[in-house]
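Student: The structure is given below, and queries will be raised subsequently.
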Amino acid sequence: GPGSFPFGQPLFPMRGELNLVFSTRSLQPDLPLFDDTFRFVGPSINEQARADTETLELPQCANSHGKPLIYISLGTIHHAQSLFYKKCFETFADFPARFILAAGTATDLVELAPIPPNFEVYTTVPQLQLLQQADLFITHGGINSVHEGLYYGVPLLVIPQQFEQMMNGYCAAKRGAALVIDDQVLWGRVDMATLGQALESMLTDARYAQAAGSMQKELQATGGYKQAADELQAYIRQPAFPPSLDR
272 GPGSFPFGQP
282 LFPMRGELNL
292 VFSTRSLQPD
302 LPLFDDTFRF
312 VGPSINEQAR
322 ADTETLELPQ
332 CANSHGKPLI
342 YISLGTIHHA
352 QSLFYKKCFE
362 TFADFPARFI
372 LAAGTATDLV
382 ELAPIPPNFE
392 VYTTVPQLQL
402 LQQADLFITH
412 GGINSVHEGL
422 YYGVPLLVIP
432 QQFEQMMNGY
442 CAAKRGAALV
452 IDDQVLWGRV
462 DMATLGQALE
472 SMLTDARYAQ
482 AAGSMQKELQ
492 ATGGYKQAAD
502 ELQAYIRQPA
512 FPPSLDR
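Per the working numbering, the very first residue in the sequence shown carries number 272; after that it's consecutive.
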């Protein structure tokens with residue numbers, strides 16, 4: 272859980288006169304380590320730059336019958352979780368929602384059969400486009416997925432697969448925009464009754480969507496790589512630049 276993290280220890284093995292962080296301060300732990308040398312410029316999210324390998328007819332997948340659209344992805348590293356995916360089928364086969372699962376390149380989609388009618392399963396999907404229509408994102412909590420989900424105002428149901436993902440989930444949960452399914456790193460092992468209760472709670476409690484909407488405004492107000500370039504230019508134009516290396 273949170274007590275397992277070295278929150279009292281420096282997390283930055285190297286620091287410079289200027290430290291650019293492609294995130295927001297609100298998605299970081301509450302530590303006194305972030306002084307005025309840190310600039311939180313936000314993520315760089317660009318639909319046109321994303322080379323998605325599989326297209327998806329989003330109008331067919333969108334919420335067209337009053338049912339929420341739920342997107343499931345465990346990212347690009349820990350996605351070989353066929354047992355978890357099958358448990359999702361079993362748990363949510365009768366749930367009144369539309370599920371889209373990105374199972375990843377290491378998963379044989381044939382082995383996942385039979386697939387319930389309310390599920391659509393793909394190797395990959397155009398995630399940024401899909402998130403613009405999703406009502407909930409079941410995610411491993413990688414920082415890119417956290418950024419992208421909240422950038423489009425989608426609440427996160429986080430199932431961490433490794434330690435920093437748990438911390439990412441807790442930081443988003445601190446803002447009210449996420450729920451972390453457990454307080455340990457799960458490696459795909461999750462109690463499905465707990466997952467089902469969490470999903471239903473997040474869909475019925477409007478505060479999650481409201482908090483995700485607030486995070487959306489915050490993230491979309493950042494400048495990403497453009498702001499980072501501005502910070503660098505401002506730094507090198509200082510009269511004292513370059514800084515002394517005698518330390």
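No residue lacks a Cβ here, since even glycine has one placed at the ideal position from N, Cα and C.
#1: With H, G and I counted as helix, E and B as strand and the rest as coil, what does DSSP make of Glu391?
#2: So, for Phe360: in the same chain, excluding its five sequence neighbours on each side, which residues have a beta-carbon less than 7 Å away from its beta-carbon?
#3: In its own chain, which residues sit with a C-beta less than 8 Å from the C-beta of Thr493, not counting the 5 before and 5 after it?
#4: Which one of Asp379, Pro339, Glu489, Leu291 has the shortest CA to CA distance from Glu419?
#5: Can a CB atom of chain B be found closer than 8 Å to the CB of Asn290?
#6: What distance in whole Å lies between the Cβ atoms of Ile341 and Ala368, which are believed to be in contact at a cut-off of 8 Å?
#7: Note down the Cα distance separating Gln319 from Gln403, rounded to an integer number of angstroms.
#8: Could you check the C-alpha separation between Thr362 and Gln509 for me, to the nearest Å?
#9: Exposed or buried, Met463, counting other C-beta atoms within 10 Å across all chains shown (16 or more means buried)?
#10: Residues in its own chain within less than 6 Å of Tyr479 by CB, not counting five upstream and five downstream?
#11: Only counting the same chain, and skipping five residues up and downstream in sequence, which positions put a Cβ closer than 7 Å to that of Lys521?
#12: Can you have a look at Pro303 and say buried or exposed, based on whether 16 or more other CB atoms are within 10 angstroms of its CB?
#13: Kindly identify the DSSP beta-bridge partner or partners of Val429.
#14: Determine the extent of the alpha helix (DSSP H) in which Arg478 is found, giving its start and end residues.
#15: In three-state terms, what does DSSP make of Phe311?
#16: Which one of Pro339, Leu289, Ser344 has the shortest CA to CA distance from Phe366?
#17: What do you get for Ala469, buried or exposed, if any count of 16 or more other CB atoms within 10 angstroms of its CB means buried?
#18: Look at the alpha carbon of Ala443 and the alpha carbon of Tyr422, and state the distance between them as a whole number of angstroms.
#19: Where does the unbroken alpha helix (DSSP H) through Ser344 begin, and where does it stop?
#20: Where does Ile371 sit, in a helix, a strand or coil, going by DSSP?
#21: Using CA coordinates, which residue listed in Asp379, Gly413, Ile371, Phe370 is at the minimum distance from Leu354?
#22: In terms of residues, what are the limits of the alpha helix (DSSP H) holding Asn439?
#23: Run the CB neighbour count on Asn439, radius 10 Å, all protein chains shown included, and call it buried at 16 or more, exposed below.
Tutor: In short:
#1: strand
#2: Ile386, Pro387, Phe390
#3: Thr295, Phe311, Val312, Gly313, Pro314
#4: Glu489
#5: Here chain B cannot be found, since the structure has a single protein chain.
#6: 5 Å
#7: 14 Å
#8: 59 Å
#9: exposed
#10: Pro426, Met473
#11: An answer regarding residue 521 cannot be provided, because it is not within the stretch 272 to 518 covered by the chain.
#12: exposed
#13: Thr410, Val451
#14: 477 to 491
#15: strand
#16: Pro339
#17: buried
#18: 12 Å
#19: Premise fails: Ser344 lies in the beta strand (DSSP E), 340 to 344, not in any alpha helix (DSSP H).
#20: strand
#21: Asp379
#22: 434 to 445
#23: buried
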